[in-house]
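**Q** Could you have a look at this structure, given as structure tokens, before my questions?
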Amino acid sequence: MGWHLLLLLTLGLLLAAADSNYDYYRLPTALRPQKYYLSILTHLEDREEFRFSGTVKILIETLENTNNITLHSRSLAIDESQTTLRQISGEEKKDNCVASTEVNPNHNFYILKTCQELLAGNVYELSLSFSAELQDQLEGYYRSSYVDPADNETRWISITQFQPTSARMAFPCFDEPAYKAPFVITLGHHRKFTALSNMPVKQTKSHDTLPDYIWTEFQESLPMSTYLVVYSVNDFSHKLSSLPNGPLFRTWARPNAIDQCNYASEFGPQVLMFYEQLFGIGFPLPKMDQIAIPDFSAGAMENWGLVSYTETSLLYSPEHSTQIDKLRITNIVAHELAHQWFGNLVTMKWWNDLWLNEGFATYLASLCIESIHPEWHSMELESHLNLLTIFKTDSLESSHPISRPIELVSETTEIFDEISYEKGSLVLRMMHLFLGEESFRSGFKSYLEKYSYKNAERDDLWDSLTQAAHKNVALPKDYEIKAIMDSWILQTGYPIVNVTRDYTTRTASLSQERYLLNTNLSRTDHKECWWIPLSFTTQEEKDFNNTAPKAWMECSNDGKSLPKTIEDLPGADQWVIFNTRLSSPYKVNYDSRNWELLIATLNSDDFESIHVVNRAQLITDVLYFAWTGEQDYETALRVLAYLQRERELLPWRSVLNHLDSVSTINQQTSKFGVFKRFIRKLITPIYEHLNGINYTDTTTIQNHDRFHLKIMVAAWACPSEVSDCVAQSLEYFSNWRSEANPDENNPVPLAARDTIYCTAIRHGSDEDWEFLWTRYQRSNVATVKQTILNALSCTQEMWLLQRYLERIFDGKGEIRKQDSLLAFQSIAARKVGFLLAKKYFMEKVEFISKFYYRQPEMMSEMLLTLSFQTFNRKDLNEFQNFIANSKEHLKDMDQAISQTLEMILINVQWMTQKQNQFNSAIEKFL
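Numbering-wise (numbering that gives the first Met the number 0), the sequence shown opens with residue 0 and increments by one.
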């Protein structure tokens, strides 16, 4: 039959007249893989033609009689002259073969028409030979590189990234998560390289024909989904961890960065041991590897037994990386290792339940870090940060449910977002709190045990948790986890609970409605109902430790909200606060008297009698309500007035997170000077209390919350020219420039480098920019490089920004493709850079789409960034026209386009309806 190149994205020609009507987005269910034997030969020496070739033998069990074998394949050249099909088990073994093939480009199907019908109960062996370019697009099986400083030579490695649907770019397979099977992987490579995969090496042997080449065969894996398969050919070094009686644990990196593996190699085994104890299920593999990849599109990937990371997500240098970098690495390592159970051991049946992987891994990472580093308060800090993210993203009509239908490959990439991760984590935290520790742990332990090495869906988890809850009397017998949690999982958005008190009868009437930022939408048209656990406390009780629900808001069988009255509340001189310590993801709006009582306490010496998390809650809620009109800005600023005495992180994070949106819109208006005065008045007391950007105070550095607060306040103080922030930053930077060896000696305080670099570049010269660019080029630490990329965007010189934009996409490799998005977003976020970035994106959209070939998620992020500073009707019309005229370059970005246009509309609404009210309120505040 000869060679046939399967260009599945463009080829529409059917090669045979066999059953060609199958166009469903899921694989047919007649066949199931039993085992894969995969051999891949990788050439990294010939830089003129990076290629790989391989064979895959798939043992296929027939569940129903069929004449077709339907696999996934994309961009692979399959040598059909080498294709074989034979029956290896069954009552009558008959010769078989492939009569013809066809492709379905819509769903990446490669369909083989068999000579004889495949009979139910039989097992067949299908063997395919294939090859493809080892490309640099950061998906499938691809190449990456680093420069060896010893000889200034580029070294090449290979690595896979298969999630969600890119295993089909590396070998023909059943590329859906429910088709689990064991893999026997063999890698052919030059003997100077190391080969890594999911499992330990079984044996090595010389290649039959290629001198200096060897075959590395790995032990057979446990049953796993194709997206978890991983392999790499590299010349990396590794750090061996000590894990008594545990699996072999190694952390890999390029040789000139191996000293940056120490933290991850020490922390990783602690995480693994924590999860083994938490789940009561041992890590099932004989080894656990972590590897830092120079070019990697995802932050990290949980491949079973070989987790891959970007360098910024794994490598930590005590001399050059910040505490923020360390916290990010800690979170990511804990997240990826949680996946070894939630996602790898038990895997969702289909991508609509991705949150079962990502929501659990996000939440469990917080539990893990809380256990290992209780002084970091990770549960409180992380859940608060997640809420701030969700309160904005999920208040868009164009948001989506946690579990949503997935019918196209492009839709699969769209669900890797805040809704699956952060909102998934928040609803699991809510469930944990209303179930209690015993029911929550025993329920998910039962779930893991029952579905180990299998696939599950959300109803399987609900069943396990309901049984545990009823057994432990954590829920009334007539309450089902499914009814409660499906209201959060299957609906878009989140509710406001409106609390209207009757101070005479000491009761409160509660109602719920979906919160929407778009004020053009009628909320009465949205009939969503959530089962809401109601925790609350009163001014007399002040019991903020009890987060268990005292009552529930329920939904009827037809999904309507049932009326709720709370009785026995305090008198007219006492406030009530619902949603104790933000135990659930909803907002609360009170009647005016209750707000007045809360404002009075906040602005008294007794403000700390309200728990810090609920102080943060009141700030977030009232600012959102002012934005959409449920409250006015004068009321909101009366809530904020007490902040001059606030010394805790979470309330400040709440106010600055929200004001960031207002600042971004305001900075291009004539009123920005008034806004800067408002910020100066607001944050000068806390800036001076924290001793500015001076880091000689060791107590601040040792106090995790205070340390983060200091960094956050400085990031606002310098742009607003608070106190000595600018002068001190310029002095630090000048001292650094005066160093004889600035790459080795840097007097700028490590924790404040983001702010100080940006401030120096904003107020500095062309020479300052070039100095920092040189430091970027010479740095060997990925986190440092990202800090510098961000700071370089702070210049006020348009020509420097234009040149910077062009460097991002010039393809010369000075700025890696994985960092290009960060650099672009940094420019687009600045007042001067925004217009340049918008113009560049709109004029170069075809070029950028080719640059990010098959990575629409990167362009989606760029588009969303451009919405933040767009706030007038003319610019909205410009965006609408641009999108309409650029459809072929904005493919597979429907969700990002909808959210971008809605965010711009919301900004337009605020400018026309609320800006004057806001400015009048802050002028009174001043």
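Each residue gets a CB set at the ideal place from its N, CA and C atoms; glycine is no exception.
What is the C-beta distance between Glu-60 and Arg-31, in whole angstroms, given that I count them as a contact (C-beta under 8 Å)?
**A** Position 61 of the sequence shown holds residue 60. Position 32 of the sequence shown holds residue 31. Between Arg-31 and Glu-60 the Cβ distance is about 5 Å, and since that is below 8 Å, they are a contact.
**Q** How about Tyr-632 and Gln-916: are their beta carbons less than 7 Å apart?
**A** Mapped onto the sequence shown, residue 632 falls at position 633. Mapped onto the sequence shown, residue 916 falls at position 917. It is a contact, given that the beta carbons lie within the stated cut-off.
**Q** Between the alpha carbons of Trp-626 and Gln-908, how many angstroms are there, rounded?
**A** Within the sequence shown, numbered from 1, the residue matching residue 626 stands at position 627. Within the sequence shown, numbered from 1, the residue matching residue 908 stands at position 909. About 10 Å.
**Q** Roughly how far, in whole angstroms, is the beta-carbon of Asn-471 from the beta-carbon of Ser-438, given that I think they are within contact range, below 8 Å?
**A** Residue 471 sits at position 472 when you count from the first residue of the sequence shown. Residue 438 sits at position 439 when you count from the first residue of the sequence shown. Their Cβ separation, rounded to whole angstroms, is 5 Å, which keeps Asn-471 and Ser-438 in contact under 8 Å.
**Q** Just how far apart, CA to CA, sit Asn-918 and Val-673?
**A** One-based indexing of the sequence shown puts residue 918 at position 919. One-based indexing of the sequence shown puts residue 673 at position 674. If I take the Cα positions, the gap works out to 8 Å.
**Q** So if DSSP puts Arg-142 in a beta bridge, which residue, or which two residues, is it bridged to?
**A** Here residue 142 corresponds to residue number 143 of the sequence shown, with the count starting at 1. Beta-bridge pairing links Arg-142 to Ser-157.
**Q** With DSSP collapsed to three states, give me the class of Glu-60.
**A** Here residue 60 refers to the residue found at position 61 when the sequence shown is read from its first residue. DSSP places Glu-60 in strand when its eight states are reduced to three.
**Q** Can you tell me the Cα-Cα spacing of Leu-7 and Tyr-731, whole angstroms?
**A** Residue numbering aside, residue 7 sits at position 8 when the sequence shown is read from its first letter. Residue numbering aside, residue 731 sits at position 732 when the sequence shown is read from its first letter. Its pLDDT being 32, under 50, Leu-7 is placed unreliably in this model, and the value from its coordinates should be taken loosely. Spanning the two alpha carbons is a distance of roughly 55 Å.
**Q** Per the contact definition of three or more C-beta pairs closer than 8 Å, is the region 327 to 342 in contact with the region 752 to 765?
**A** Short answer: they don't touch.
**Q** From Val-146, Asp-393 and Trp-340, pick the residue whose C-alpha is nearest to that of Ile-292; which is it?
**A** Taking the sequence shown and counting its residues from 1, one reaches residue 292 at position 293. Residue Val-146 is the option with its Cα nearest to Ile-292.
**Q** May I have the straight-line CA-CA distance separating His-688 from Asn-107, to the nearest angstrom?
**A** On the sequence shown, position 689 is the one that residue 688 refers to. On the sequence shown, position 108 is the one that residue 107 refers to. Between His-688 and Asn-107, the C-alpha separation is close to 60 Å.
**Q** Phe-182 and Ala-169 look like a contact to me (Cβ under 8 Å); what is the Cβ gap, rounded to whole Å?
**A** Taking the first residue of the sequence shown as 1, we reach residue 182 at position 183. Taking the first residue of the sequence shown as 1, we reach residue 169 at position 170. Not quite, the Cβ-Cβ distance comes to about 12 Å (not below 8 Å), so this is no contact.
**Q** Tell me, to the nearest whole angstrom, how far the beta carbon of Ser-560 is from that of Gln-511; I am working on the premise that it is less than 8 Å.
**A** Position 561 of the sequence shown, counting from 1, holds the residue named residue 560. Position 512 of the sequence shown, counting from 1, holds the residue named residue 511. Right, their Cβ atoms sit about 5 Å apart.
**Q** Does Thr-164 pass the burial test, meaning 16 or more other C-beta atoms within 10 Å, or should it be called exposed?
**A** Reading the sequence shown from its first residue, position 165 is the one you call residue 164. Thr-164 is buried by the Cβ-count criterion.
**Q** Using beta-carbon positions only, say whether Tyr-362 and Tyr-493 come within less than 7 Å of one another.
**A** Taking the sequence shown and counting its residues from 1, one reaches residue 362 at position 363. Taking the sequence shown and counting its residues from 1, one reaches residue 493 at position 494. No. Outside cutoff.
**Q** Quick check on Phe-192: does DSSP put it in helix, strand or coil?
**A** Position 193 of the sequence shown, counting from 1, holds the residue named residue 192. The answer is coil: DSSP assigns Phe-192 none of H, G, I, E or B.
**Q** With a threshold of 6 Å (Cβ to nearest heavy atom), would Ile-664 be considered close to the ligand NAP?
**A** Ligands in the displayed structure: none, and consequently the ligand NAP is not present.
**Q** Check Glu-745 in the structure and name its three-state DSSP category.
**A** One-based indexing of the sequence shown puts residue 745 at position 746. In the sequence under discussion, the amino acid at residue 745 is Asn, which differs from the Glu named in the question. Here Asn-745 sits in coil by DSSP.
**Q** Pick from Ile-531, Leu-125 and Asp-893: whose alpha carbon is nearest that of Pro-548?
**A** Mapped onto the sequence shown, residue 548 falls at position 549. Looking at the Cα atoms, Ile-531 is the closest of the given residues.
**Q** Between Met-902 and Pro-855, is the Cβ-Cβ spacing less than 7 Å?
**A** Taking the sequence shown and counting its residues from 1, one reaches residue 902 at position 903. Taking the sequence shown and counting its residues from 1, one reaches residue 855 at position 856. No. Outside cutoff.
**Q** Evaluate contact between the region 791 to 806 and the region 750 to 763, counting only Cβ atoms and requiring at least three cross-stretch pairs below 8 Å.
**A** Yes, the region 791 to 806 touches the region 750 to 763.
**Q** So what does DSSP say about Glu-595, is it helix, strand or coil?
**A** Position 596 of the sequence shown, counted from the start, is the residue given in the question as residue 595. Here Glu-595 sits in helix by DSSP.
**Q** Going by DSSP, what residues sit across from Asn-197 in a beta bridge?
**A** Numbered from 1 along the sequence shown, position 198 holds the residue referred to as residue 197. None, per the DSSP bridge assignment.
**Q** Where does Cys-172 fall in DSSP's three states?
**A** Here residue 172 refers to the residue found at position 173 when the sequence shown is read from its first residue. Three-state DSSP puts Cys-172 in a strand.
**Q** Grab me the residues of Phe-129's own chain with a C-beta within less than 8 Å of its C-beta, minus the 5 sequence neighbours each way, in chain order.
**A** On the sequence shown, residue 129 is found 130 positions in, with the first residue counted as 1. Result list for Phe-129: Ser-52, Gly-53, Thr-54, Val-55, Ser-72, Leu-75, Ala-76, Ile-77, Asp-78, Phe-170 and Pro-171, in chain order.
**Q** Taking the alpha-carbon positions, what's the Ile-257 to Phe-295 distance?
**A** Taking the first residue of the sequence shown as 1, we reach residue 257 at position 258. Taking the first residue of the sequence shown as 1, we reach residue 295 at position 296. Between Ile-257 and Phe-295, the C-alpha separation is close to 18 Å.
**Q** Looking at the strands, I want to know which residues DSSP matches up with Trp-487.
**A** In the sequence shown, the residue the question calls residue 487 occupies position 488. For Trp-487, which the question treats as bridged, DSSP gives no partner whatsoever.
**Q** May I have the straight-line CA-CA distance separating Asp-459 from Glu-629, to the nearest angstrom?
**A** Counted from its first residue, the sequence shown places residue 459 at position 460. Counted from its first residue, the sequence shown places residue 629 at position 630. Roughly 40 Å separates the two Cα atoms.
**Q** Counting only C-beta atoms, is Asp-524 closer than 7 Å to chain C at any point?
**A** The structure shown contains no chain C; it holds only a single protein chain.
**Q** For Tyr-851, collect the residues of the same chain with a Cβ closer than 7 Å to its Cβ; drop the 5 residues on either side in sequence, then sort them by chain order.
**A** Your numbering for residue 851 matches position 852 in the sequence shown. So the list reads Met-857 and Met-858, once near-sequence residues are dropped.
**Q** Please state whether DSSP places Gly-89 in a helix, a strand or coil.
**A** On the sequence shown, residue 89 is found 90 positions in, with the first residue counted as 1. Correct three-state label for Gly-89: coil.
**Q** Would you check if the distance between the CB atom of Val-747 and the CB atom of Trp-735 is smaller than 7 Å?
**A** In the sequence shown, the residue the question calls residue 747 occupies position 748. In the sequence shown, the residue the question calls residue 735 occupies position 736. Result yes, Cβ atoms of Val-747 and Trp-735 sit closer than 7 Å.
**Q** In whole angstroms, what separates the C-alpha of Trp-214 from that of Gly-187?
**A** In the sequence shown, counting from the first residue as 1, residue 214 sits at position 215. In the sequence shown, counting from the first residue as 1, residue 187 sits at position 188. One C-alpha to the other measures close to 4 Å.
**Q** Please report the straight-line C-alpha distance between Ser-419 and Ile-57, rounded to a whole angstrom.
**A** By 1-based counting over the sequence shown, the position of residue 419 is 420. By 1-based counting over the sequence shown, the position of residue 57 is 58. So the two alpha carbons sit approximately 33 Å from each other.
**Q** With a floor of 4 residues, list each alpha helix (DSSP H) that falls wholly inside the region 368 to 455, ordered by position along the chain.
**A** Whole alpha helix (DSSP H) segments, 4+ residues: 377 to 392, 408 to 413, 423 to 434 and 436 to 450.
**Q** First and last residue of the alpha helix (DSSP H) that includes Met-274?
**A** Stepping through the sequence shown from its first residue, residue 274 is reached at position 275. Inspection of the sequence shows that residue 274 is occupied by Tyr rather than by Met. It spans 261 to 278 - the alpha helix (DSSP H) in which Tyr-274 sits, taken as one unbroken run.
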